[in-house]
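Shown next, in structure tokens, is the structure this report addresses.
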Amino acid sequence: RARTYFASWIFSHNLVMTLLDTRTVPGELKWAASPSEGGWEEVSIMDEKNIPIRTYQVCNVLEPNQNNWLRTDWIPRSGAQRVYVEVKFTLRDCNSLPGVTGTCKETFNLYYHESNEDRESYIKESSFIKVDTVAADESFTQVDVGDRIMKLNTEVRDVKVATRKGFYLAFQDVGACIALVSVRVFYKTCPLTIRNLATFPDTVTGADTSSLVEVRGSCVNQSEEREEPKMYCGADGEWLVPIGGCFCNPGYQEKGGTCKACAVGFYKAKSSDAGCSKCPPHSHSPRDGATVCDCNSVFFRADSDPPSMACTQPPSSPQQLISVVNETSVVLEWGPPRRLGGRSDTSYSLECLICSISSSQLCLPCGSDVFFSPDQSGLKTTRVVVSELRAHTHYTFIVHARNGVSQASGAGAAQSVFVTVTTNQLPSPVSSILATDVTRHSLSLSWQQPDRPNGVILEYEVKFYEKDQKERSYRIMRTFSRRVDVTGLNPLTVYVFHVRARTAAGYGEVQYCGNNCFRIPFPLIGEGVNSAFLLLSVSGVGILLLISAAVFIISRRYACTHSHTDTGMHTGVKIYVDPFTYEDPEQAIHEFAKEIDVSSIHIERVIGMGNFGDVCSGRLRVQGKREIYCGHQESEAGYSDKQRRDFLSEASIMGQFDHPNIIRLEGVVTRCKPLMIITEYMENGSLDAFLRKHDGQFTVIQLVGMLRGIASGMKYLSDMSYVHRDLAARNILVNSNLVCKVSDFGLSRVLEDDPEAAYTTREATGTYLSPGGKIPIRWTPPEAIAYRKFTTASDVWSYGIVMWEVVSYGERPYWEMNNQDVIKAIEEGYRLPAPMDCPVVLHQLMLDCWERERAERPTFSQILNMLDKLIRNPGTLRRTGGDRYITLPPPNSRSLSWSVCEWLRSIGLERYRDTLAAAGYTSLDSLLALTHQEMDRLGIITPSHQDIVIASVQQEMLSQMQHMQHTMVPV
């Protein structure tokens, strides 16, 4: 078996070393013979080439009891452990000899005797050890001798000679007519060879026919050991089983079993590289044996660059640096360098200088109180917001572009561009607002200029609206004087007026209601009030209160009747208003969202990417209120009008919601770039990532509490007739108190009806993409996928998937099935099985949410009531009820009806029950051996069904194994 196994590893022919060859011995052999007379006789004959050779013959066939011995001279073994004896001889056929009566033999015996030196002067038969009895394959007759046809036999025997320095051979004749034509003694060696760049010397074979001699090789010149090189010398003189080897040194490659230097223009950096490689672009090797190529002039290589990388250059200067000044903040944007130098690691850093107004040459570094967002150095983006600057100060900002070879080239500070700006400051609020000449439909309004104009007053803006409207409907007037006549007022109505000044720096109050936002009673005719806001009425106090209340109620009912609502909705319930029904998105954003001064926002870090740009966290400091942490999403630079409309629409949607389980909108920034949506800060991020990070760390009650919060938020949205369309754990945010809040309202308009949509799979996001928008397949019910019918019932289906995500701690729904298989499986009735340790009642609620018919799914109100009952009665969250305990049998002892049939029913594939039972799959653990090929053989040929069976049985068995770790379980 060993010889067969190693046959494929033979690499070279063996080498034979001859110890004795009678054909080459000149003169007489003079071997010892016993008896010295009448036995073996040395005779000289001519071989087939007419060359005289010495032979020994004996032919005492007519005399009985022959015992004729012939012994060779002492043969040194020369390190051999096993020698081979080749005997060529002729033998007379006993039947051809007349008068022979049974004393004739046709064999002879071969013996050997080991000795350290040649001291044996005579033959001591008892000291010899028999090797073998040698018989002839062919014998000759007298006729053959007459015709001179000599039938020559050749026999080879091997002898183990490993204990002495040499040995003797002896031939015993017992009555044959035989002639020893030649005797050759040799041994085998594995010859000198080179394998895997390692040299293996001549090696004598082992003493046993099955022995292998382990030989360690030595690496050839200009090479190093990869793994200890070894081979085995077999008994037949063949090299077997090469192990390990050597690598050519750096700068050298293997050619013909040696290591040759890499030619000019080539290099080899590491010994483990396959061979020499051509120098990368912009580099060269001037001599043989290069380990790295030198860079050409004006090209460089960074310390971290691999030798295989092309030599590169520093970048050119950034392009088109622009600045937008907003009071004491500056937004800097620039374009990437025109020439990146062949690298992708370009980064930017900013240098801030305060320069003298009288001399642009006199500049000093900015102080440490200047704030850069996202950072001052190591930037990958081409936009920075610089805040906390001094007002009315000249600044110079220098933007440097660097890459990995800037320092090596010595030109790191040269690739830069600069811009000089002057900061400003908004004027302070106006004062001493006075209303005069008040009539039933008009009045005159005057005021004093701000105490600190902080520049030239360009104009004043007067904004006014009916108090009951609360800025939902307002008018704006602008004037260059400090007085304005207001006409077209409604009698018996209370108005609120805002007045602010504008300079080159902008309006004095970005927020209309700051520290000066307070209301005063309506003064008597002709009296003025020193404030920033004025409430006016046109009647006595008693009549004013009665009539104002009546007008307020009538106007509210009128507004409710004529608001953007669907017909058939209950009166008195707040209904969602689609912001896309407004011709001007600015009107919607100002109606539903509050404008925030960008200077009140301090960005601290970028925490992700949204649909429109960076998502950041920071602090919001509104005048007169405590500082709060917030999150905000920025729009990308260079957006189109449509992108601006889409961006602001999400804020217009969020601004209509007010619920503890809906993400709260703090306000928007629309009067400067970039546009921003400011929301409350959710410390723990998205629900799916949060659950994966804390896998198994919550109790069932805590998980149900999270689901309860999501259901409460969705009930609120459904009551407002809002359909989310993208409810998933990734769109649920979690704060530090584990409160879950529904977010991401970007799909409310993205998913439009498109009956001609051609769906294509988008596996990376788990969505389908069509001209009508993306559909999150794994969270979307069949009717929404097929007919794009999105209703609150479709949100209920998605909520069931969210339940599964929560209980499975963020596992991917439907695992690695592709979207096409998910759609097909759902159409065929498959539903996700219960996650590990999932209470039965929760999985049943999931299945209710996944009913094919929309009308059969529960409402969010019903879901919320169910979860409240579970929280009040946590005992219902056990796997099974009762207080008794039993010991479960091992999985392989469960019956078919309990372990396989019920499992098939739970995954919607009960049709294969008989097929699996007939094939002998009667327990869940036996199903672990199922393969796709086996299921093809059984007739389960649907690919989605095969994937479902394999994935589901593995999950079910894992769940059972974990439960089997506890002997006693509640029943």
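Read left to right, the sequence shown gives residues -22 to -1, 1 to 949 (mature numbering (1 follows the signal peptide of the UniProt record, and there is no 0)).
Here a beta-carbon is modelled for each residue, glycine too, at the ideal position from N, C-alpha and C.
Mark residue i as exposed unless 16 or more other C-beta atoms lie within 10 angstroms of its C-beta, in which case mark it buried.
i           : result
residue 235 : exposed
residue 100 : exposed
residue 378 : buried
residue 346 : exposed
residue 153 : buried
residue 579 : buried
residue 765 : exposed
residue 906 : exposed
residue 657 : buried
residue 930 : buried
residue 576 : buried
residue 565 : exposed
Thinking residue i and residue j are a contact (beta carbons under 8 Å), I'd like their distance in whole angstroms, please.
i           : j           : result
residue 950 : residue 643 : Missing from the structure shown is residue 950; the chain here goes from -22 to 949 and no further.
residue 35  : residue 185 : Contact flag wrong, Cβ pair sits at about 34 Å.
residue 357 : residue 384 : The Cβ separation is near 14 Å, so there is no contact.
residue 143 : residue 94  : 5 Å
residue 686 : residue 845 : 4 Å
residue 78  : residue 163 : Actually they do not touch by this definition, with Cβ atoms about 33 Å apart.
residue 399 : residue 308 : 6 Å
residue 476 : residue 441 : 4 Å
residue 904 : residue 693 : Contact doesn't hold; Cβ gap of about 46 Å is too wide.
residue 782 : residue 810 : 5 Å
residue 291 : residue 319 : 4 Å
residue 258 : residue 288 : 4 Å
residue 211 : residue 242 : The Cβ separation is near 42 Å, so there is no contact.
residue 82  : residue 75  : 6 Å
residue 646 : residue 573 : 6 Å
Tell me where the alpha helix (DSSP H) around residue i begins and ends.
i           : result
residue 818 : 818 to 827
residue 280 : It is not in any alpha helix (DSSP H) - residue 280 carries neither H nor E in the DSSP assignment.
residue 563 : 563 to 570
residue 957 : Nothing about residue 957 can be read from this structure; the chain reaches only from -22 to 949.
residue 896 : 891 to 896
residue 683 : 678 to 697
residue 659 : Neither: residue 659 is in no alpha helix (DSSP H) and is coded neither H nor E.
residue 883 : 879 to 884
residue 912 : 910 to 916
Identify the residues that DSSP records as bridge partners of residue i: which are they?
i           : result
residue 478 : 439
residue 213 : For residue 213, which the question treats as bridged, DSSP gives no partner whatsoever.
residue 240 : DSSP, once it has assigned bridges, lists no residue as partnering residue 240.
residue 357 : 326
residue 553 : BP columns for residue 553 are empty, so no partner.
residue 194 : 208
residue 301 : 310
residue 26  : Beta-bridge pairing links residue 26 to no other residue.
residue -6  : 165
residue 272 : 262
What number of angstroms, rounded off, separates the C-alpha of residue i from the C-alpha of residue j?
i           : j           : result
residue 102 : residue 80  : 28 Å
residue 109 : residue 219 : 32 Å
residue 138 : residue 911 : 56 Å
residue 896 : residue 926 : 20 Å
residue 833 : residue 771 : 8 Å
residue 158 : residue 140 : 27 Å
residue 627 : residue 812 : 38 Å
residue 43  : residue 15  : 16 Å
residue 419 : residue 481 : 31 Å
residue -6  : residue 53  : 13 Å
residue 423 : residue 467 : 13 Å
residue 750 : residue 763 : For residue 750, the predicted structure reports a pLDDT of 43, less than 50, and the residue's modelled location is therefore unreliable. A value from the coordinates is still provided. Near 12 Å, if we compare the C-alpha coordinates of residue 763 and residue 750.
residue 296 : residue 312 : 7 Å
Where do the N-terminal and C-terminal ends of the beta strand (DSSP E) with residue i fall, by residue?
i           : result
residue 101 : From DSSP, residue 101 is part of no beta strand (DSSP E); its letter is neither H nor E.
residue 47  : 46 to 49
residue 110 : 107 to 113
residue 463 : 461 to 464
Quick one: does residue i have its CB under 8 Å from some CB of chain E?
i           : result
residue 677 : Among the chains of the structure shown, chain E does not appear; only one protein chain is present.
Is any non-hydrogen atom of the ligand MG found closer than 7 Å to the C-beta of residue i, if you look at the structure I gave you?
i           : result
residue 383 : Absence of the ligand MG is noted for the structure shown, with no ligands found whatsoever.
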